[in-house]
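Protein sequences appear in the order of chains R and X.
Note that my numbering has the first sequence beginning at 1, numbered continuously upward.
Note that my numbering has the second sequence beginning at 1001, numbered continuously upward.
Glycine included, every Cβ here is placed at the ideal spot set by N, Cα and C.
Treat the numbers as computed from the prediction; the structure is a model and nothing was measured.
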Amino acid sequence: MTWGPRTKETLLSLPSMVWLIGLFLVPTLLVFAISFRPSTPFGGVGEGWTLETIRGLANPNYPTIIWRTVWISLSTTAICLTLAVPCAYFMARAPVRWRSFLVMLVIIPFWTNFLIRIFAWKIMLHPEGLLKKFLLMLHLVEPRTILMYNEGAVLLVLVYSYLSFAILPIYAATEKFDFGLLEAAQDLGATRLRALVQIFLPGISRGMITAALVVFIPALGSYVIPEIVGGPSSEMIGNKIAQRVFVDRNLPHASGLSALLTLAVVVPMLLVLMLQRRSPSGLSKPEGRA
Amino acid sequence: MKKWWVFALCLVPLFGWADEKKVLHLYNWADYMKPELIQAFEEQFNCRIMQDYFDSNEAMYAKLKAGATGYDVIFPSSYMVNVMKEQGMLMPLDHDKIPNLRFIDPAYLKFTMDPVMDYGVPYMVGSTGIGYDGSRVEDFEPSWKMFNNEAYAGRMTLLNDMREAIGAALKLLGYSINSTDEAELAQARDVVIGWKRNIAKFESEQYKNGLVSAEFLLVQGYSGDILQAMDENEDVVYAIPREGTSLASDDMVIPVDAREPDLAHAFINFLHEPQNAADNTGYVYYLCPNKASYDLLAEEIRNDPSIFLDPAVVEKCEVILDLGEENAKYIKVWDEIRAAE
């Protein structure tokens, strides 16, 4: 018996399809379904269907939290990209024998548990810690300034946590970029800056889009970081979902919030996918503009 | 063919020796039991003990409600014991297997919701109060008003527990900690919003370490936690606010689906052996309400007013009750507090 290439392809992708459907699609649909169920005062999911949760999402306290979640995630993404592009550029231009070493340096922090690295920040930002004393010495802060438990600290630790995830895809794209194009652009009269903006950045745009998604999506769902270094006013949606589950015993409402978050993640992803379809190669963009 | 043998050999440990020793699974608060007692029980009953931890009754309840199984002894606060009992999640206790129940101090049974101990046996009783750094907080007075003091802004914490945080404000205003009056709750909300501008965060677990390292100078916390922090930082002091506070009894219960109910009964009995109860109190600094153990305690613990509360203080304190559907009022107020700038 012989299998056509089409069947083979299907068979090969079957395990990952089963994985995705069983462990991603079905649970997500369950979350959507539960948000249309009534809640019971003792934490159960009731019988029948209701729109109560959807109405409850109009909670007047939510816009503040949603806005905070969005701006912190967007800022994290922007800062990570801004830092990652020069890093990746430097790594890709480094001598070949150095490159794998530099990539390893980016990966090494992952050898330490994520939570431990966040707790390390607590020590560094301690109100009587070394960093605070150093900043005091430089007269950059006042004795009463608190470095932690505010939105700034959340942003700082988010950027720290996701920076590696931004560097790696951009580095992968940069490594494949033909740096001869930059010289060609300069030969044709472009300034260095113009060559970088109009040739280099579009050339690595796919890596940048991947990096943006890889940072933005988990940042939207942050829970641990605002919980540990955030203050009384740095709650994000993830913390609110946890509160709905643990404190309020309202699973349908938590599901409703999660569904909202899922939609907030899926919609920009679809947009990006559509954009990428339209321009299959980043390099085709500058054509006709120069 | 050879490969299969290697594979099969790898699986042997999974089935072969798995049930050699019985395993008792505990679900407890962190730092809440003397480790030597665990070892002693393991040796005496030839079993292993696995511990899992929770940081709020609500988190524990939500996990069980979501289907977590396999725990043999759980240590919820008594209001939660009531909820779990009504939800049919608990196994009735067999008093014949816990002869040491005769040592339980009846004076403390009024803090539990289950004074006949059908489902829960008191494990430890404690209070919620204020822990502070005596070397840096000079103008301390034992009052919930301290959280208004801007001198310590950014260096104070309140418990990340809506009933405790709002409860402290209700007490300051002279209301019941279990109030369901919306006007009273609205006043309490405004008090907590005022406090919120001064605190570093709402925190139920890390405040201990923060107090020890002087990251936090004044915290709302549980008596035993703060007394434990005193061991590590001698500047730490514990005080019960004069307006009153909440008292709690954490009970030991056995869930209906426990795998080792006999061992679980034996463990409860073991912890109420007077000598063990005394050792445990001396380690966690909450009070194990076991009458026969009091005489075995060290002098300084026997005379510590943070452990053995003055009856006049107890008079002003209350036990937090589960409010069922009225809980929604607290959730609404808590949401408003968390969202307020």
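Reference residue i, options the options, closest by Cα
{"i": "D1322 (chain X)", "options": "X:V1333, X:R1163, X:E1299", "result": "X:R1163"}
{"i": "K1085 (chain X)", "options": "X:D1105, X:H1095, X:T1069, X:M1117", "result": "X:M1117"}
{"i": "T82 (chain R)", "options": "R:A211, R:M17, R:N150, R:L14", "result": "R:A211"}
{"i": "G238 (chain R)", "options": "R:Y62, R:F101, R:I167", "result": "R:Y62"}
{"i": "I204 (chain R)", "options": "R:I123, R:G221, R:I167", "result": "R:I167"}
{"i": "Y160 (chain R)", "options": "R:F114, R:A184, R:G4, R:S233", "result": "R:F114"}
{"i": "L1218 (chain X)", "options": "X:I1104, X:S1135, X:Y1079", "result": "X:S1135"}
{"i": "A1266 (chain X)", "options": "X:A1188, X:L1297, X:F1045, X:L1287", "result": "X:F1045"}
{"i": "F216 (chain R)", "options": "R:T76, R:I108, R:E52, R:K8", "result": "R:T76"}
{"i": "A1312 (chain X)", "options": "X:V1333, X:A1292, X:D1231, X:I1240", "result": "X:I1240"}
{"i": "L74 (chain R)", "options": "R:G189, R:I107, R:V265, R:T50", "result": "R:V265"}
{"i": "V1342 (chain X)", "options": "X:A1062, X:P1092, X:Q1187", "result": "For chain X, the structure presents residues 1001 to 1341; residue 1342 (chain X) sits outside this window and is missing."}
{"i": "Y1123 (chain X)", "options": "X:K1316, X:F1270, X:E1326, X:E1325", "result": "X:F1270"}
Min CB distance residue i to chain R below 7 Å
{"i": "D1322 (chain X)", "result": "no"}
{"i": "G1338 (chain X)", "result": "The sequence given here places Arg at residue 1338 (chain X); Gly does not occur at that position. Yes, R1338 (chain X) lies at the interface with chain R (some Cβ there is under 7 Å from its Cβ)."}
{"i": "K1065 (chain X)", "result": "yes"}
{"i": "E1215 (chain X)", "result": "yes"}
{"i": "D1118 (chain X)", "result": "no"}
{"i": "F1202 (chain X)", "result": "yes"}
{"i": "A1168 (chain X)", "result": "no"}
Cα-Cα separation, residue i to residue j
{"i": "R278 (chain R)", "j": "Y1330 (chain X)", "result": "51 Å"}
{"i": "M208 (chain R)", "j": "L163 (chain R)", "result": "12 Å"}
{"i": "T174 (chain R)", "j": "Q198 (chain R)", "result": "15 Å"}
{"i": "R244 (chain R)", "j": "D1335 (chain X)", "result": "10 Å"}
{"i": "L270 (chain R)", "j": "S1204 (chain X)", "result": "40 Å"}
{"i": "I1193 (chain X)", "j": "I1337 (chain X)", "result": "6 Å"}
{"i": "K1178 (chain X)", "j": "I1320 (chain X)", "result": "The question names Lys, but residue 1178 (chain X) is Asn in the sequence shown. Going from the Cα of N1178 (chain X) to the Cα of I1320 (chain X) covers about 6 Å."}
{"i": "S1223 (chain X)", "j": "N1148 (chain X)", "result": "21 Å"}
{"i": "L1172 (chain X)", "j": "G1221 (chain X)", "result": "16 Å"}
{"i": "D1031 (chain X)", "j": "E1020 (chain X)", "result": "29 Å"}
{"i": "P1305 (chain X)", "j": "V1081 (chain X)", "result": "27 Å"}
{"i": "G288 (chain R)", "j": "L201 (chain R)", "result": "Annotation note: pLDDT 38 at G288 (chain R) (below 50); position unreliable, coordinate value reported separately. Each residue's alpha carbon lies about 16 Å from the other."}
{"i": "T53 (chain R)", "j": "N59 (chain R)", "result": "10 Å"}
{"i": "I241 (chain R)", "j": "E1318 (chain X)", "result": "30 Å"}
{"i": "P226 (chain R)", "j": "A1107 (chain X)", "result": "43 Å"}
{"i": "R1048 (chain X)", "j": "Q1039 (chain X)", "result": "9 Å"}
{"i": "L260 (chain R)", "j": "A1200 (chain X)", "result": "29 Å"}
{"i": "V1023 (chain X)", "j": "D1190 (chain X)", "result": "49 Å"}
{"i": "G129 (chain R)", "j": "L136 (chain R)", "result": "11 Å"}
{"i": "E1260 (chain X)", "j": "I1307 (chain X)", "result": "33 Å"}
{"i": "T262 (chain R)", "j": "K1291 (chain X)", "result": "55 Å"}
{"i": "G1016 (chain X)", "j": "L251 (chain R)", "result": "Note that G1016 (chain X) scores a pLDDT of 48, beneath 50, so its modelled location is shaky and nothing firm can be said."}
{"i": "V157 (chain R)", "j": "V85 (chain R)", "result": "19 Å"}
{"i": "G180 (chain R)", "j": "T112 (chain R)", "result": "39 Å"}
Helix, strand or coil at residue i according to DSSP, with G and I counted as helix
{"i": "P1122 (chain X)", "result": "strand"}
{"i": "S233 (chain R)", "result": "coil"}
{"i": "M104 (chain R)", "result": "helix"}
{"i": "A264 (chain R)", "result": "helix"}
{"i": "T50 (chain R)", "result": "coil"}
{"i": "F1202 (chain X)", "result": "strand"}
{"i": "F1308 (chain X)", "result": "coil"}
{"i": "F1054 (chain X)", "result": "strand"}
{"i": "K240 (chain R)", "result": "helix"}
{"i": "A1248 (chain X)", "result": "strand"}
{"i": "G1324 (chain X)", "result": "helix"}
{"i": "N1100 (chain X)", "result": "helix"}
{"i": "D1105 (chain X)", "result": "coil"}
Beta-carbon spacing of residue i, residue j below 7 Å
{"i": "A88 (chain R)", "j": "I170 (chain R)", "result": "yes"}
{"i": "L1170 (chain X)", "j": "F1202 (chain X)", "result": "no"}
{"i": "E1182 (chain X)", "j": "Y1175 (chain X)", "result": "no"}
{"i": "G256 (chain R)", "j": "L57 (chain R)", "result": "yes"}
{"i": "N1198 (chain X)", "j": "M1156 (chain X)", "result": "yes"}
{"i": "S1143 (chain X)", "j": "D1250 (chain X)", "result": "no"}
{"i": "I1268 (chain X)", "j": "G1282 (chain X)", "result": "no"}
{"i": "D1231 (chain X)", "j": "D1133 (chain X)", "result": "no"}
{"i": "D1105 (chain X)", "j": "P1289 (chain X)", "result": "yes"}
{"i": "I65 (chain R)", "j": "E235 (chain R)", "result": "yes"}
{"i": "V1125 (chain X)", "j": "L1296 (chain X)", "result": "no"}
Within-7 Å CB hit, residue i to chain X
{"i": "F165 (chain R)", "result": "no"}
{"i": "F134 (chain R)", "result": "no"}
{"i": "F119 (chain R)", "result": "no"}
{"i": "N61 (chain R)", "result": "yes"}
{"i": "I209 (chain R)", "result": "no"}
{"i": "G43 (chain R)", "result": "yes"}
Chain A contact for residue i (CB, 7 Å cutoff)
{"i": "T64 (chain R)", "result": "Among the protein chains of the structure shown, namely R and X, there is no chain A."}
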